[in-house]
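Participant:
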Amino acid sequence: MRLAAALLVLSVFAGCAHQAAQSKLPPSCQDFAQTMDLSDRIKTLDLLSDAFTQQCYATVIVYGTQAQTEFRHKTFHVFKEAASVFIPDGTLTDYVLESYERGFLSILLAFSYMHMQQFEDAKVELRRMDHELFAPLYNFGEDPVNILLSAVLWERLGEPNEARVDWHRLRDPASGLKDIDDSLRSFADRQVRRIDEGRSSNQAWRLFWQGRFPDIAWDLQFTGSSSGYFSVRATQAFPPACVSETGVRLSTQSWFEKIAVRHSNAYHPLLNIQSWIRLPMGIIYSLVPIAAGAGIAVGGCTLDVAGEGKGALCEIAIRGGVVFISMAPKVLRGALEPDLRHWSHVPAAFVITNATDPAGERCYHGEGLR
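Here the sequence shown is numbered in this note's numbering, starting from 4 and rising by one per residue.
1. Please list the terminal residues of the continuous beta strand (DSSP E) segment that includes Gly337.
2. Is the beta carbon of Ser153 sitting closer than 8 Å to the one on Asp175?
3. Between which two residues does the alpha helix (DSSP H) harbouring Leu50 extend?
4. Among the candidates Pro332, Val301, Ser329 and Val326, whose CA atom is the shortest distance from the CA of Cys317?
5. So what does Gln213 bridge to, in DSSP terms?
6. According to DSSP, is Gln219 helix, strand or coil?
7. Can you tell me the Cα-Cα spacing of Cys366 and Val354, whole angstroms?
8. Look at the alpha carbon of Asn149 and the alpha carbon of Ala36, and state the distance between them as a whole number of angstroms.
9. Cα separation between Ile293 and Arg344?
10. Based on DSSP bridge pairs, tell me the residues matched to Gly250.
11. For the alpha helix (DSSP H) that Val235 lies in, which residues bound it at each end?
12. Sort out for me which residues DSSP pairs Ser230 with in a bridge.
13. Which of helix, strand or coil does DSSP assign to Cys366?
14. Would you tell me roughly how many angstroms separate the C-alpha atoms of Gly98 and Ser204, rounded to the nearest one?
15. Are three or more beta carbon pairs between the stretch 357–365 and the stretch 283–292 nearer than 8 Å?
16. Where do the ends of the alpha helix (DSSP H) carrying Met284 lie?
17. Mapping the DSSP letters down to three states, classify Cys59 as helix, strand or coil.
18. Hey, how far is the Cα of Ala240 from the Cα of Ser257?
19. Could you check whether the stretch 125–136 touches the stretch 80–96, counting it as contact only if at least three pairs of C-beta atoms, one from each stretch, sit closer than 8 Å?
20. Distance, Cα to Cα, Thr2 vs Gln194?
21. Pull up the distance between the alpha-carbon of Gln213 and that of Arg196, whole angstroms please.
So, in structure tokens, the structure goes:
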């Protein structure tokens with residue numbers, strides 16, 4: 004009996020251990036395909052990133068191309084745009100990809116096509132990305148991160164002359180790219196000269212993802228803000244830039260900066276106007292709990308006096324009224340909350356390297372070899 008009981012305990016323990024081990028396994032490509040829901044755009048984008056990191060390239064291609072078509076254009080509805088000023092920003096509108104997100108989606112698709120040996124399709128995606136970032140309509144789309152990734156991909160696809168164009172954009176101060184570190188420009192200059200001399204990279208470029216894009220917080224700021232009356236900040240610092248002889252670490256802070264100025268008049272006039280119209284509506288909404296709280300306090304004390312009470316009812320009414328009044332800032336904040344939705348499952352930085360041993364790359368401290 005004791006032996007049987009011991010065997011039973013061991014079998015239960017083994018079963019639990021096996022179940023725990025199974026629960027820790029990463030989702031399969033089939034799992035990603037089953038959970039894709041294009042009606043939830045942010046979730047779809049995040050799942051595409053997760054599928055890519057799990058090397059589910061076919062899944063990325065199938066659903067990434069659909070997202071590329073459906074998420075890039077905004078359909079304006081007069082009713083929705085008018086009604087949106089009475090409720091929190093983005094409640095009635097589908098999310099539309101930012102220019103850098105359109106570019107990065109093309110990058111993911113190009114990498115996926117390359118791994119699937121569909122090289123011509125990968126080149127088509129890189130040319131699409133170039134159009135997304137430099138078309139006059141998207142004048143805020145020029146982005147050093149996507150250009151760096153594009154340069155690396157062109158070289159891995161055996162097109163050094165195409166890569167040279169992107170390296171030159173990173174090197175050239177007149178390219179329109181802002182706040183590029185001088186060391187990155189010097190690195191890009193070395194790549195341009197290498198290609199001009201007909202020399203290939205010592206090793207194929209490798210790509211690493213480092214960290215996770217930080218959460219975004221916001222507050223009201225009516226003076227000195229570059230984004231309407233909002234102050235938008237990242238909750239964590241981005242990794243610093245790093246350049247070595249064999250590689251580069253470049254953060255995605257430039258992507259955050261596009262989110263941070265989303266409500267500025269220069270970047271998106273419609274969102275800016277709607278946010279200012281929403282301001283008096285938010286103030287009116289915040290007055291409701293103030294009026295309700297004051298009414299409860301005054302009414303309770305009036306009843307207490309009329310009933311010749313001893314002040315207990317009045318005290319309770321005042322406390323209840325204060326609770327209602329204290330809700331006013333939350334109501335105001337909720338009514339004015341900006342639409343800061345974004346593709347969140349992206350790295351805080353990318354590292355590229357052509358070092359013979361990537362583990363020895365000075366700029367690399369992360370995971371996610373591609």
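Here a beta-carbon is modelled for each residue, glycine too, at the ideal position from N, C-alpha and C.
Treat the numbers as computed from the prediction; the structure is a model and nothing was measured.
Facilitator: According to the structure data:
1. No beta strand (DSSP E) holds Gly337; the alpha helix (DSSP H) holding it covers Ala331 to Leu339.
2. Not a contact, by the Cβ cut-off of 8 Å.
3. Arg44 to Thr56
4. Val301
5. Gln213 is bridged to Ala352.
6. With the sequence shown as reference, residue 219 is identified as Ile, and Gln is not the correct amino acid for it. Strand at Ile219.
7. Cys366 and Val354 have their C-alpha atoms some 7 Å from each other.
8. 26 Å
9. 30 Å
10. According to DSSP, which records beta bridges pairwise, Gly250 is partnered with Thr356.
11. Segment Phe233 to Ala237 is the beta strand (DSSP E) holding Val235; no alpha helix (DSSP H) there.
12. Phe233
13. coil
14. Per the sequence presented here, residue 98 reads as Tyr, with Gly not at that position. Roughly 40 Å between the two C-alpha positions.
15. These segments do not touch.
16. Pro272 to Ala309
17. coil
18. 13 Å
19. no
20. Any answer about residue 2 is impossible in this case: the structure gives the chain only from 4 up to 373.
21. 28 Å
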